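Undergrad:
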Amino acid sequence: MIYQSNGFYWREFVRWFFSLPLFGQILVGIGIATIVVLVLIGVYYLLKGIAYLIYYTLKGIYYLIKGLATGIYKFFKWLYNLIAGKSKSEEKEVEEEQPMILQPEPIMVEQSSTEIPKIEIVKYCPECGVEFTKTMSYQLNKDGFVYCSFCGKKLELPTSISSEG
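Counting in the working numbering, the final residue of the sequence shown is number 172, and the numbers go up one at a time with none missing.
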């Protein structure tokens with residue numbers, strides 16, 4: 008006689024299982040364990056989905072009720088102020104009496120200028136040896152040539168040194 012518990016024939020399964028070779032029993036055990044793990048994972052995600060559904064439904068209902076309550080409150084406040092004859096400016100004065108929280112001013116970081124100072128090279132007239140004046144140096148840099156104000160000789164800069172100002 009076969010023992011039946013909840014509609015499942017355990018003796019037949021046990022007889023079939025032990026009739027398998029050892030390798031087959033190991034594979035059936037691994038298969039059953041895999042199926043159990045997959046079922047547990049599926050049940051976990053199913054319950055998690057149901058919990059999220061309930062949570063976000065209740066959250067939506069909460070915000071809906073909160074919005075309705077706020078709207079009804081503002082309506083009755085407006086109606087009260089209309090009947091009492093108060094204006095919005097009086098309400099704002101009451102609200103302005105509350106202390107204001109001051110935010111600290113942002114600190115401005117000054118950027119240091121990285122200008123390279125222009126180095127003036129002292130130039131001398133090769134003929135008479137007198138130092139060039141500022142006007143002579145400017146003219147030499149501008150045009151590439153200058154006449155010495157002391158001896159009158161024409162001085163030219165080579166093209167590689169000449170710079171346009």
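Using N, Cα and C, we set each Cβ at its ideal position, and we do this for glycine too. Everything numeric in this text was worked out from a predicted model, so none of it was measured.
Using a 10 Å radius around the Cβ and a threshold of 16 neighbouring Cβ atoms, would you call C158 buried or exposed?
TA: On the sequence shown, residue 158 is found 151 positions in, with the first residue counted as 1. That one is exposed.
Undergrad: For L89 and I79, what's the separation of their Cα atoms in angstroms?
TA: The sequence position of residue 89 within the sequence shown is 82, counting from 1. The sequence position of residue 79 within the sequence shown is 72, counting from 1. So the alpha carbons of these two residues sit roughly 15 Å apart.
Undergrad: Leaving out five residues on either side along the sequence, give the residues of the same chain with a beta carbon under 8 Å from the beta carbon of E163.
TA: Along the sequence shown, read from residue 1 onward, the residue named residue 163 stands at position 156. Closer than 8 Å at the Cβ level, and outside the excluded window around E163, lie G151 and F152.
Undergrad: With DSSP run on the structure shown, which of helix, strand or coil describes F152?
TA: In the sequence shown, residue 152 corresponds to position 145, counting from 1. In this structure, F152 counts as strand in the three-state DSSP scheme.
Undergrad: Assuming L75 is part of the alpha helix (DSSP H), what are its boundary residues?
TA: Numbered from its first residue, the sequence shown carries residue 75 at position 68. Residues L29 to A91.
Undergrad: The alpha helix (DSSP H) with K19 in it runs from where to where?
TA: The count along the sequence shown starts at 1 and reaches residue 19 at position 12. According to the sequence provided, residue 19 is Glu. The question's Lys does not apply to it. Here the alpha helix (DSSP H) through E19 covers W17 to S26.
Undergrad: How big is the Cα-Cα spacing for K130 and K149?
TA: Position 123 of the sequence shown, counted from the first residue, corresponds to residue 130. Position 142 of the sequence shown, counted from the first residue, corresponds to residue 149. Roughly 15 Å between the two C-alpha positions.
Undergrad: Beta-carbon separation of C132 and K161 under 8 Å?
TA: For this step, residue 132 is matched to residue 125 along the sequence shown. For this step, residue 161 is matched to residue 154 along the sequence shown. Cβ atoms of C132 and K161: not closer than 8 Å.
Undergrad: Hey, quick one: how far does the beta strand (DSSP E) through L164 stretch, first residue to last?
TA: Taking the first residue of the sequence shown as position 1, residue 164 is located at position 157. Unbroken run through L164: none, as it is neither H nor E.
Undergrad: To the nearest angstrom, report how far apart T140 and E134 are at their CA atoms.
TA: Along the sequence shown, read from residue 1 onward, the residue named residue 140 stands at position 133. Along the sequence shown, read from residue 1 onward, the residue named residue 134 stands at position 127. Cα to Cα, T140 sits roughly 15 Å from E134.
Undergrad: Measuring only the C-alpha atoms, how far is K81 from G74?
TA: As a position in the sequence shown, residue 81 is number 74, starting the count at 1. As a position in the sequence shown, residue 74 is number 67, starting the count at 1. Taking the straight line from one Cα to the other gives about 11 Å.
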